[in-house]
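Counting from 1, position 90 in the sequence shown corresponds to residue 580 in the numbering used here; the numbering is continuous, with no gaps.
For each residue, glycine too, the CB sits at the ideal point set by N, CA and C.
Predicted model, so just to flag it, every value in this text is computed and none were measured.
Following: one structure in structure tokens, then a few remarks.
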Amino acid sequence: MSEERMINTTIVITGASSGFGRGAALALAKRGANVVLAARRGEALEALAQEINADNGHALAVETDVSQPDQVERLAQAAIARFGPINVWINNVGIGALGWFWEIPIADHERLVDVNLKGVIYGAHVAMKHFIAQGFGVLINTGSVDSEVPLAFQSSYAATKAAVLSLGRTINEELRLNDYHDIKVATIMPWAVDTPWWTHAANYTGHAPRMAAMDSPEKVIDAMVKACFKPQEEIPVGWKARSSNLSHHLFPDMTEKLSAKVINRSVEKAQPLAPTTGAIYTPMADTTTIDGGIRARMKQEDKAR
């Protein structure tokens with residue numbers, strides 16, 4: 491698939507109501523792709539689909555909880571019924587829980603596994619069945635710098651993202667063994683990025699989300715779009731992600747200790763915040779932007795010091 495041939499290409503995007511998913515949907519629709527939008531927030535999806543269709547694009551909204559395998563299967567069937575064969579499936583849903591591992595409720599840890607790992611497995615399994623039957627397809631999984639470099643305060647998130655990377659590596663091995671050369675799996679690994687993810691995350695740190703040197707979401711959206719027509723197995727996004735991965739391969743202990751200290755300082759520097767489950771159980775209605783506004787808030791906090 492080339493960038494020029496994205497017309498009549500059908501792309502399923504989970505987590506499409508905000509952040510990377512929303513940005514990728516808009517960017518891919520402008521390139522002529524049929525975009526199938528999935529998330530828990532049905533009204534937000536419908537509004538996004540209307541925006542795309544009003545701009546001469548082609549979008550379908552399918553309210554979906556990826557932790558439910560029957561809903562993921564229904565998503566695939568809706569995409570095929572509307573647009574035909576699925577060319578690309580983007581597993582982009584991801585939720586977080588911030589805090590000391592032992593202070594985060596076990597139910598929250600379970601929820602992260604249900605969404606971040608099981609949800610990706612469900613999506614990958616459905617996509618692979620269709621790709622193998624039709625002989626082609628690209629699966630894109632959104633991992634994280636945590637896939638390679640586990641970060642303090644993000645224990646279950648880091649564990650699930652490491653599993654997502656391993657899943658992609660294993661599926662690629664199996665595809666090669668079976669000579670499925672036209673089916674690819676790519677794992678996107680961003681650095682910390684300013685999206686609504688931070689507001690949606692459960693938070694037990696006692697402080698508002700804060701992270702040094704956040705990237706803009708546009709950088710990750712561009713990588714996601716490029717992976718649709720030029721997939722690579724592992725895609726660290728930006729120099730910070732690439733440098734972190736390299737450092738962890740060469741000096742794992744030093745990298746982990748340094749990362750933990752940097753993150754701990756960022757957390758302690760942030761304004762107070764009461765414990766919250768964020769949006770991990772119930773979606774938030776008003777956080778449907780691509781940018782999360784975290785960098786702007788941090789800048790204001792720093793000016794006020």
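DSSP three-state assignment for residue i, whether helix, strand or coil
i, result
"TRP590", "coil"
"ILE503", "strand"
"ASP555", "coil"
"TRP712", "In the sequence under discussion, the amino acid at residue 712 is Asp, which differs from the Trp named in the question. Helix."
"GLU758", "helix"
"ILE580", "strand"
"GLU724", "strand"
"THR766", "strand"
"ASP604", "helix"
"ASP705", "strand"
"MET496", "coil"
"PRO595", "coil"
"ALA775", "coil"
"ASP743", "helix"
"ARG795", "coil"
"GLY782", "coil"
"ILE622", "helix"
"ILE585", "coil"
Classification of residue i by the beta-carbon crowding that lies within 10 angstroms, buried from 16 upward
i, result
"GLN586", "The sequence shown places Gly at residue 586, not Gln. Under this definition GLY586 is a buried residue."
"GLY684", "A small correction: the amino acid at residue 684 is Asp; Gly does not occupy that position in the sequence shown. ASP684 is buried by the Cβ-count criterion."
"ASP636", "buried"
"ARG795", "exposed"
"ALA597", "exposed"
"GLN567", "exposed"
"LEU748", "exposed"
"PRO762", "exposed"
"ASN582", "buried"
"PRO742", "exposed"
"ALA528", "buried"
"ARG531", "buried"
"ASN693", "buried"
"GLN790", "exposed"
"ASN524", "buried"
"GLN540", "exposed"
"HIS620", "buried"
"TRP592", "exposed"
"TYR647", "buried"
"ARG601", "buried"
"THR778", "buried"
Nearest neighbour of residue i, chosen from the options [CA to CA]
i, options, result
"PHE626", "VAL578, PRO640 and TYR612", "VAL578"
"PRO575", "PRO742, ASP743 and ALA617", "ALA617"
"SER737", "ARG530, PRO640, ARG659 and LEU535", "PRO640"
"LYS520", "PHE573, GLN790, ALA544 and LYS651", "ALA544"
"PRO765", "ASP669, THR650, PRO742 and ALA691", "ALA691"
"GLY513", "GLU708, ILE753 and ALA760", "GLU708"
"ALA534", "GLN790, ILE780 and PHE741", "ILE780"
"SER706", "LEU665, PRO686 and LYS720", "PRO686"
"GLY511", "ILE497, LYS619, ALA537 and MET714", "MET714"
"ASP776", "ILE753, ILE661, SER508 and GLN561", "SER508"
"VAL752", "ALA539, ALA642, TYR694 and PRO726", "ALA642"
"GLU638", "VAL526, GLU758, THR778 and PRO726", "PRO726"
"ILE630", "VAL603, GLY658 and TRP590", "GLY658"
"VAL603", "ALA569, ALA652 and GLY589", "ALA652"
"GLY547", "LEU588, THR632 and ILE501", "ILE501"
"THR499", "THR677, PHE719, VAL654 and ALA750", "PHE719"
"ILE580", "VAL654, ALA623, HIS599 and SER756", "VAL654"
"LEU588", "ALA698, MET496, ALA569 and LEU565", "ALA698"
"TYR670", "ILE594, ILE622, GLY633 and VAL526", "ILE622"
"GLY522", "MET496, LEU516, SER734 and ILE542", "MET496"
Supposed contact pair residue j and residue i - C-beta distance, whole angstroms, cut 8 Å
i, j, result
"MET704", "ILE784", "6 Å"
"SER656", "VAL605", "Not a contact, Cβ separation roughly 17 Å."
"THR810", "LEU607", "The requested residue 810 does not occur in the structure, where the chain is confined to residues 491 to 795."
"ASN662", "GLU723", "6 Å"
"PRO486", "VAL628", "Residue 486 is absent from the model: the chain starts at 491 and stops at 795."
"THR689", "GLY768", "7 Å"
"ARG700", "LYS759", "6 Å"
"ALA506", "LEU538", "7 Å"
"THR632", "GLY696", "Not really, about 28 Å apart at Cβ, beyond 8 Å."
"ALA717", "ALA676", "5 Å"
Original post:
Unbroken alpha helix (DSSP H) runs of length 4 or more, entirely within the segment 626 to 700: which are they?
Top reply: 645 to 667 and 687 to 690
Subject >> In chain order, each alpha helix (DSSP H) run of at least 4 residues that lies wholly inside the segment 506 to 575 >> reply: 509 to 520, 532 to 544 and 559 to 573
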